[in-house]
Amino acid sequence: MTDKRLKQKFRRIVGADAFLDNPAATATYSYDSSLLTARPDFVLFPQTAEQVAQVVTLLFRERIPYLARGAGTNLSGGSIPLKGGAVISLTRMKRILSIEPENFCARVEPGVTNLEFQQALSEHGFFFAPDPASQRVSTIGGNVAENSGGPHCLKYGVTTNHILGLKLVTPDGNIIELGGRALDAAGYDVLGLLVGSEGTLGIATEISCRILQLPPAVRTLLAIYDATEDASQTVSEIIAAGILPATLEMMDNLVIRAVEEALHAGYPTDASAILIIEVDGIAEGLAETVRMIEDICRRNRVREVRVARDEREREQLWAGRRGAFGAVARLFPNYSVSDGTVPRNKLPEVLRQVSEIGKKYALEIGNVFHAGDGNLHPLIFFDVRDPQQTERVHRAGKEILEACVAAGGTISGEHGVGAEKIDAMHLVFGVNEIELMRRLKNALDPAGVCNPRKVLPESSSETIVPPAQSPRHSSEPASDGIPSRRTYLPKNIDEIASLPHYLRQSGKSIAAMGACTLFEYLPKDIQRWKKPHGIICSPLMRSIVEHDAANLTVTAEAWLTLRELQERLAAAGQFLPLDAPSEATLGGIVAAGLSGPRRHLYGSVRDLVLGLQLVTSDGKVLRAGGKTMKNVAGYDFGKLLIGSWGTLGIIVDVTFRLMPLPKASGALIASFQRVEDALEASKRILAGRLNPALLTLMNGHAAAALAMELAFSKPDREWSLILGAEGSDSAVQAQLNGMEQACRACSGDVSARVDVSRYYSLVDIVTRLCYPPAGQQWFLSLWLSMPCGSMSDGLREVEALTGEMTSLIVAHVAGGLICTHLSTAEEVTGGACRCIVDALGARLPQSTITVLKTHTASAESMPFIVGRSAPSSWLKAVKECFDPEGLMNPAISLW
Numbered sequence: 012m013t014d015k016r017l018k019q020k021f022r023r024i025v026g027a028d029a030f031l032d033n034p035a036a037t038a039t040y041s042y043d044s045s046l047l048t049a050r051p052d053f054v055l056f057p058q059t060a061e062q063v064a065q066v067v068t069l070l071f072r073e074r075i076p077y078l079a080r081g082a083g084t085n086l087s088g089g090s091i092p093l094k095g096g097a098v099i100s101l102t103r104m105k106r107i108l109s110i111e112p113e114n115f116c117a118r119v120e121p122g123v124t125n126l127e128f129q130q131a132l133s134e135h136g137f138f139f140a141p142d143p144a145s146q147r148v149s150t151i152g153g154n155v156a157e158n159s160g161g162p163h164c165l166k167y168g169v170t171t172n173h174i175l176g177l178k179l180v181t182p183d184g185n186i187i188e189l190g191g192r193a194l195d196a197a198g199y200d201v202l203g204l205l206v207g208s209e210g211t212l213g214i215a216t217e218i219s220c221r222i223l224q225l226p227p228a229v230r231t232l233l234a235i236y237d238a239t240e241d242a243s244q245t246v247s248e249i250i251a252a253g254i255l256p257a258t259l260e261m262m263d264n265l266v267i268r269a270v271e272e273a274l275h276a277g278y279p280t281d282a283s284a285i286l287i288i289e290v291d292g293i294a295e296g297l298a299e300t301v302r303m304i305e306d307i308c309r310r311n312r313v314r315e316v317r318v319a320r321d322e323r324e325r326e327q328l329w330a331g332r333r334g335a336f337g338a339v340a341r342l343f344p345n346y347s348v349s350d351g352t353v354p355r356n357k358l359p360e361v362l363r364q365v366s367e368i369g370k371k372y373a374l375e376i377g378n379v380f381h382a383g384d385g386n387l388h389p390l391i392f393f394d395v396r397d398p399q400q401t402e403r404v405h406r407a408g409k410e411i412l413e414a415c416v417a418a419g420g421t422i423s424g425e426h427g428v429g430a431e432k433i434d435a436m437h438l439v440f441g442v443n444e445i446e447l448m449r450r451l452k453n454a455l456d457p458a459g460v461c462n463p464r465k466v467l468p469e470s471s472s473e474t475i476v477p478p479a480q481s482p483r484h485s486s487e488p489a490s491d492g493i494p495s496r497r498t499y500l501p502k503n504i505d506e507i508a509s510l511p512h513y514l515r516q517s518g519k520s521i522a523a524m525g526a527c528t529l530f531e532y533l534p535k536d537i538q539r540w541k542k543p544h545g546i547i548c549s550p551l552m553r554s555i556v557e558h559d560a561a562n563l564t565v566t567a568e569a570w571l572t573l574r575e576l577q578e579r580l581a582a583a584g585q586f587l588p589l590d591a592p593s594e595a596t597l598g599g600i601v602a603a604g605l606s607g608p609r610r611h612l613y614g615s616v617r618d619l620v621l622g623l624q625l626v627t628s629d630g631k632v633l634r635a636g637g638k639t640m641k642n643v644a645g646y647d648f649g650k651l652l653i654g655s656w657g658t659l660g661i662i663v664d665v666t667f668r669l670m671p672l673p674k675a676s677g678a679l680i681a682s683f684q685r686v687e688d689a690l691e692a693s694k695r696i697l698a699g700r701l702n703p704a705l706l707t708l709m710n711g712h713a714a715a716a717l718a719m720e721l722a723f724s725k726p727d728r729e730w731s732l733i734l735g736a737e738g739s740d741s742a743v744q745a746q747l748n749g750m751e752q753a754c755r756a757c758s759g760d761v762s763a764r765v766d767v768s769r770y771y772s773l774v775d776i777v778t779r780l781c782y783p784p785a786g787q788q789w790f791l792s793l794w795l796s797m798p799c800g801s802m803s804d805g806l807r808e809v810e811a812l813t814g815e816m817t818s819l820i821v822a823h824v825a826g827g828l829i830c831t832h833l834s835t836a837e838e839v840t841g842g843a844c845r846c847i848v849d850a851l852g853a854r855l856p857q858s859t860i861t862v863l864k865t866h867t868a869s870a871e872s873m874p875f876i877v878g879r880s881a882p883s884s885w886l887k888a889v890k891e892c893f894d895p896e897g898l899m900n901p902a903i904s905l906w
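Add 11 to a position in the sequence shown, counting from 1, and you land on the number used in my numbering.
What follows is the structure in structure tokens.
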């Protein structure tokens with residue numbers, strides 16, 4: 012129990028009316044939406060980040076366990092105070108701080124509900140993609156803690172794909188900033204680790220969210236089936252056909268009847284199953300998509316397909332889906348919600364198993380779930396007053412999760428592990444993965460007081476001994492000409508795992524090498540001071556492990572090149588929407604965290620990586636993530652490898668999310684005399700919801716290089732916009748017409764058009780221009796990542812600082828990335844390079860700068876990254892959890 016003196020201190024921090032400790036009041040914070048209960052000793056209601064920090068500092072000092080709580084809609088016991096202590100309720104921190112359409116960003120406090128946020132954004136023509144069914148009451152802070160999903164996450168991704176930054180109170184009470192307002196920040200993705208960590212690593216007090224424009228057109232369909240198997244088969248075929256709906260939801264008969272009795276949504280009560288299918292995008296392309304979906308439904312014996320005629324009918328259909336959980340609660344005393352995810356093509360099989368499990372334990376089970384991403388939510392109905400039935404519910408829930416994992420899925424798609432699923436963590440993680448997560452928890456919360464006994468199982472004495480055989484190696488120089496180091500040529504994962512263990516025994520360092528597309532630039536300058544003792548290069552490990560075309564995923568070994576993968580995928584009508592040099596290896600692309608010119612349309616590397624396998628500095632093989640679209644089991648430590656530049660581990664294979672090849676594509680190049688006009692045209696294109704695949708701005712030197720490679724006439728103006736569209740024929744034509752109108756309205760001249768036959772050559776050239784050009788005269792190459800609304804300032808500062816030097820500038824306007832390469836006929840000193848970089852960092856404080864290439868004289872002192880995505884202490888802690896002796900790629904420091 013907490014003594015009176017301490018309680019008085021808490022009252023002074025938050026106010027007497029914001030502190031509860033009487034049993035009747037604290038009892039209301041002893042439960043959430045799971046089956047667990049535990050009473051806190053007291054509850055606090057801070058209203059500012061500073062109050063949260065003061066409260067946490069005192070709790071940490073007194074070693075009192077605590078947890079942050081939003082609306083208590085958690086379904087896995089994550090907000091239950093299992094060790095008593097304090098509950099910090101964030102419901103009074105409910106301000107929307109800013110909505111910034113120009114930055115595609117909004118800042119909110121954690122107590123803002125999801126629905127309040129959506130309503131505020133809609134007034135500006137935007138929305139927040141995560142839309143859980145509990146959105147009327149669930150908070151944005153809770154969404155961040157759980158990495159929440161919702162119906163629209165099929166197309167747009169889960170919460171982690173839409174969080175740009177956090178103000179965080181650390182477990183010991185300090186206030187730190189993670190990320191910011193830029194889409195991509197260089198360095199370890201600590202932000203990605205925090206999202207979905209279930210409040211065990213800190214308390215978010217301010218959240219910077221990525222917001223999206225409302226689509227220009229939406230079509231909503233209700234498909235009615237007499238057999239559940241036909242409905243689930245329809246789901247698989249829609250995805251396999253290359254259609255990516257915005258939503259694809261499913262209900263079975265039990266839930267349909269409950270919804271109709273409570274809400275009258277218009278669902279036929281005699282149907283075995285229904286699908287709610289929604290597509291959105293450019294209006295000109297939606298009619299064709301709807302026809303394709305209707306054809307697939309008919310092939311699978313649909314009884315009827317209804318298309319909502321107006322917004323009222325659409326809202327009626329969605330009211331039934333959003334209210335499904337509440338509707339079934341009217342019919343049964345209690346229900347338990349399972350939350351497993353499986354590959355989409357496994358849905359029919361797993362649904363049959365769920366039905367059999369219900370019969371085995373004499374339990375009624377209803378199904379309402381996100382079918383499009385394979386996220387099942389079986390509702391097991393029971394009466395908690397019957398202990399024997401309750402025990403059967405627990406056993407049935409365990410078997411449902413086991414069935415999901417056996418089908419290649421995971422134990423949680425969006426509800427988290429909390430306390431209820433801790434025992435199931437061993438179904439998807441081995442001892443090594445859990446031990447790494449525990450190291451991360453201990454490093455960031457050494458006192459173990461921040462939401463204890465959640466997510467991670469207790470310690471295990473089991474250990475895995477890495478292989479100890481001598482590694483296979485070659486003494487020859489690597490193909491990039493970097494001399495006098497031992498190059499190892501392993502042919503499988505076991506041989507790779509033996510290398511760090513072998514070298515570590517004598518304190519020797521190691522680095523992985525791919526195709527040298529980036530190694531060619533930076534390490535030649537820097538690694539002469541910190542050469543790794545061993546280089547791993549494995550050209551034999553370039554196989555596709557699995558291409559699951561029906562599920563739109565591929566797992567490939569890390570030394571396969573992007574070109575090789577794309578050629579193989581194209582045969583199945585699919586592609587990996589990452590833009591990097593075509594000879595770059597997949598492992599290198601992920602390790603460097605490369606995002607290309609089409610990032611606005613398809614997302615970044617971190618959005619497309621579903622899972623990866625790595626070897627750590629002590630030779631252990633770890634698996635992060637999996638092959639499902641949703642996976643919130645445990646800490647997402649795989650995010651830390653993306654953009655880590657090989658400093659945390661050796662990536663040996665990667666699982667990616669794929670996309671269907673677009674049916675049509677095209678581009679145009681518009682030239683402008685003034686950069687302000689080009690940026691205004693870009694702004695109009697984005698405001699017009701034209702959803703460009705390419706929106707890249709180039710200065711005259713870069714545009715001349717592009718024109719030469721495409722055999723076009725060199726633009727006669729100072730700036731050029733490269734605009735691209737991908738999709739159906741009618742949609743692409745409408746997009747290009749709209750883009751051309753926007754350019755002409757801003758004094759732009761369309762100087763070239765690119766049809767589908769040359770479109771991908773254009774994308775490839777634009778991508779290559781982001782990387783340092785060949786030739787010694789190019790002495791400095793930088794990537795500057797910043798908020799989209801700061802592009803004008805960024806371009807102005809780059810031009811001002813480079814002065815009379817020759818510069819290539821390639822700016823991805825909707826991605827917030829400026830790539831610039833500098834050259835001059837005069838002698839350049841290392842000090843001049845450092846001055847340019849330091850000045851840019853000072854003048855653009857919201858940006859991070861990656862130094863890809865620098866003058867040899869400045870290489871030793873030049874930082875690799877300027878501007879941090881997290882405090883150095885946290886970045887160092889992450890490094891030490893993976894590589895405590897600093898043996899992985901010591902040439903690069905990311906803190």
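Glycine included, every Cβ here is placed at the ideal spot set by N, Cα and C.
As assigned by DSSP and simplified to three states, the class of residue i
i: T666; result: strand
i: M719; result: helix
i: T861; result: strand
i: I493; result: Low confidence applies here, because I493 scores a pLDDT of 39, under 50, leaving its location unreliable; read the following figure in that light. Looking at I493 - three-state DSSP - the assignment turns out to be coil, as it is neither helix nor strand.
i: F137; result: strand
i: Q146; result: coil
i: W906; result: coil
i: S606; result: coil
i: I422; result: coil
i: R355; result: helix
Segment limits, beta strand (DSSP E) that includes residue i
i: D688; result: Segment V686 to A698 is the alpha helix (DSSP H) holding D688; no beta strand (DSSP E) there.
i: R118; result: C116 to V119
i: A273; result: Counting along the chain, A273 falls outside any beta strand (DSSP E), though it belongs to the alpha helix (DSSP H) covering N264 to L274.
i: S741; result: Note, S741: premise wrong, no beta strand (DSSP E); alpha helix (DSSP H) at D740 to R755.
i: M709; result: L705 to N710
i: F56; result: Segment: none, F56 is in no beta strand (DSSP E) and carries neither H nor E.
i: S347; result: N345 to V348
i: K178; result: I174 to V180
Assumed close pair residue i, residue j - CB separation to whole angstroms, cut-off 8 Å
i: D32; j: D52; result: 7 Å
i: T865; j: L791; result: 6 Å
i: V123; j: I151; result: 5 Å
i: L101; j: A117; result: 18 Å between Cβ atoms; not a contact.
For residue i, the first and last residue of its enclosing alpha helix (DSSP H)
i: D775; result: V767 to R779
i: L297; result: A294 to R310
i: P389; result: Unbroken run through P389 is the beta strand (DSSP E), P389 to F393; no alpha helix (DSSP H).
i: E431; result: Here E431 belongs to no alpha helix (DSSP H), and DSSP marks it neither H nor E.
i: R332; result: E322 to R333
i: R610; result: R610 to Y613
i: R617; result: V616 to L619
i: G152; result: I151 to E157
In chain order, which continuous runs of the beta strand (DSSP E) of length 3 or greater are located wholly inside the region 500-587?
521-523, 545-547, 555-559 and 564-568
Pairs of beta-carbons, one from the region 754-762 and one from the region 689-699, closer than 8 Å: are there three or more?
yes
Within the region 810-894, note down every full beta strand (DSSP E) run reaching 3 residues or more, in order along the chain.
817-823, 828-834 and 859-864
With three or more beta-carbon pairs closer than 8 Å as the criterion, would you say the region 872-880 touches the region 186-199?
yes
What ranges does the alpha helix (DSSP H) occupy inside the region 365-420, keeping only unbroken runs of at least 4 residues that lie completely in it?
398-417
Contact the region 851-859 vs the region 787-796: 3+ CB pairs below 8 Å
yes
Three Cβ pairs or more, each shorter than 8 Å: is that satisfied between the region 235-249 and the region 676-683?
no
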